[in-house]
Amino acid sequence: MPAESASFLSALLALAAMFLGLSIVVQIVQEVWKFLSSSKSKAYEMVLADTLGPWARQIFRPEVSADLQVRGPAQLWRRRPRGRVQPLSKGQLLEALERTLPAWHQRTLKALGLETQLNADHSSPSWDRFVHDLLDAPPDSPGFRTAQDVVRFVARWAGVPEKLLGAQPLALKLGDLQFPKGFSPDAMLKAFRVEFLPQVVSAEQRSEQLTRNFEFSYKRRNLRQTFTISLLTAVFLNLPVERLYRRATAVPPGEAMAIAERTMALYQQQRGATPADSLTRQRIEHVANQALAAAGAGDQHVDYAISVSRIRELWAEGKGWALFRFLAVCLMTALLTSFGAPFWNDIAGTLQRLQKGAPPPAKPTEAEA
């Protein structure tokens, strides 16, 4: 009975080491894929449109976010902004959204922001220049209607009677748009944002929700990628879970321990590597070969499970059920591999201690922590 128990533990240890090796391979492939496809940028763009609306995609226009973009993975030089936008902070996002506004809205924000910083009880020369340009906007210019809306807004704050604001175009002078006594530029700036920038105000209020949505969406995207890569690996390397289990039961206890130690050491090595190191071709080949060797339980050759021609042959021979069963078992392999390398490393470590008969590691004391 003890021998059977030891044999069962050895099989489980070898199986955990195999799944750890597969998880390492999947992790490397996924890291490369995320780098080449700019996965984080795409997830952020999708969540931004889902949370704030499709109009928020305007911030990805080159003329708006040129200074926020980074080069793509295959972009060696940059003649024009065509890179990707990484997740933005709250301030960066609001600034980028404000750049999508009409020109007069942007100039009004800038002028009111300067008045708020000056904190004076009267109009500054910069405000007078802004109002002068605002009133001199040509009637045939593209932004004339926007300029008239801004003039009406400022006139209300300046105390101009409402009956004078119905004319088109407005017949006002520079002296009509001066700040009254006790004027608060900050209150006027807030009112302007609420009236003319409701979408930006909404984005400011929902910035925390946007961050949570992005974190959730990115995790879900990573899990979907992990499962897809795991399934493709299981199918094209002929590694259904039943085949892995048969290999695990055929491994002697000493070799199972050696495979577990080698794979766990490989995991620790990969875990301590920087992203730049893990993306080099030599490192990818080295880690992938060792992980696949561990998953194959010492086999020197991993045969491909199936090809397009083989699928056609099975289907023509009426063996569609065998093909379906193979894919179903590979789905189980993909599901177990999707648990991740940390999970299988912990399982392998626990089984290794049970195999050796060693006590579990003591928890660190408060002083050691």
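First residue of the sequence shown? That's 37 in my numbering, and the numbers climb one at a time after it.
Note that beta-carbon positions come from the ideal geometry of N, C-alpha and C, so glycine has one too.
Simplified DSSP assignment, three categories, for residue i
i: Arg260; result: helix
i: Arg120; result: strand
i: Gln214; result: coil
i: Thr247; result: helix
i: Leu367; result: helix
i: Gly290; result: helix
i: Val196; result: coil
i: Lys76; result: helix
i: Glu353; result: coil
i: Gly57; result: helix
i: Asp86; result: helix
i: Pro175; result: coil
i: Val100; result: helix
i: Asn274; result: coil
i: Arg242; result: coil
i: Lys392; result: helix
i: Asn155; result: coil
i: Glu162; result: Reading off the sequence, residue 162 comes out as Ser, not Glu. Looking at Ser162 - three-state DSSP - the assignment turns out to be helix.
i: Gly376; result: coil
i: Tyr340; result: Unreliable placement is indicated for Tyr340, whose pLDDT of 41 sits below 50; no coordinate value is reported for it.
Residue j beta carbon less than 8 Å from that of residue i
i: Pro174; j: Phe180; result: yes
i: Leu84; j: Leu387; result: no
i: Leu150; j: Ser162; result: yes
i: Tyr281; j: Ile60; result: no
i: Glu231; j: Phe189; result: yes
i: Leu210; j: Asp164; result: yes
i: Ala239; j: Leu130; result: yes
i: Gln184; j: Leu206; result: yes
i: Gln245; j: Trp91; result: no
i: Ser243; j: Lys126; result: yes
Residue closest to residue i, alpha-carbon to alpha-carbon, out of the options
i: Ser77; options: Ala139, Lys209 and Glu251; result: Glu251
i: Pro378; options: Ala47, Glu353 and Val62; result: Val62
i: Val274; options: Thr144, Leu145, Glu67 and Arg361; result: The residue you asked about is not Val; residue 274 is Asn in the sequence shown. The option with the nearest alpha carbon to Asn274 is Arg361.
i: Leu267; options: Phe55, Ala47 and Arg143; result: Phe55
i: Arg17; options: Arg229, Asp382, Ala286 and Pro288; result: In this structure the chain extends from 37 to 405, so residue 17 is not present and cannot be described.
i: Lys392; options: Gln306, Pro289, Ala358 and Thr299; result: Pro289
i: Cys366; options: Val68, Ala286 and Pro276; result: Pro276
i: Gln241; options: Leu359, Gln261 and Leu88; result: Leu88
i: His65; options: Asp382, Asn258, Pro98 and Ala358; result: Checking the displayed sequence, the identity of residue 65 turns out to be Val instead of His. For Val65, the nearest C-alpha among the options comes from Asn258.
i: Asp382; options: Thr299, Leu371 and His141; result: Thr299
i: Met82; options: Leu154, Tyr254, Gly127 and Arg283; result: Tyr254
i: Thr373; options: Gly57, Arg256 and Ser75; result: Gly57
i: Leu225; options: Tyr80, Val287, Asn155 and Thr247; result: Asn155
i: Arg93; options: Ser73, Arg120 and Ser74; result: Arg120
i: Asn249; options: Ala352, Arg307, Tyr80 and Trp193; result: Tyr80
i: Asp86; options: Trp193, Thr247, Val237 and Arg192; result: Thr247
Presumed contact (8 Å Cβ cut-off) between residue i and residue j, rounded CB distance
i: Leu208; j: Val187; result: 7 Å
i: Gln214; j: Ser159; result: 5 Å
i: Thr264; j: Pro221; result: Rounded, the Cβ-Cβ distance is 54 Å, inconsistent with contact.
i: Ala35; j: Thr285; result: One cannot answer for residue 35 here, as it falls past the ends of the chain, which runs 37 to 405.
i: Ala139; j: Ile95; result: Actually they are not in contact, since the Cβ atoms of Ala139 and Ile95 sit about 17 Å apart, beyond 8 Å.
i: Gln261; j: Trp380; result: Actually they do not touch by this definition, with Cβ atoms about 18 Å apart.
i: Thr369; j: Ala270; result: 4 Å
i: Ala384; j: Ala296; result: 5 Å
i: Leu233; j: Leu137; result: 7 Å
Which residues DSSP lists as bridging residue i, in chain order
i: Gln105; result: Val121
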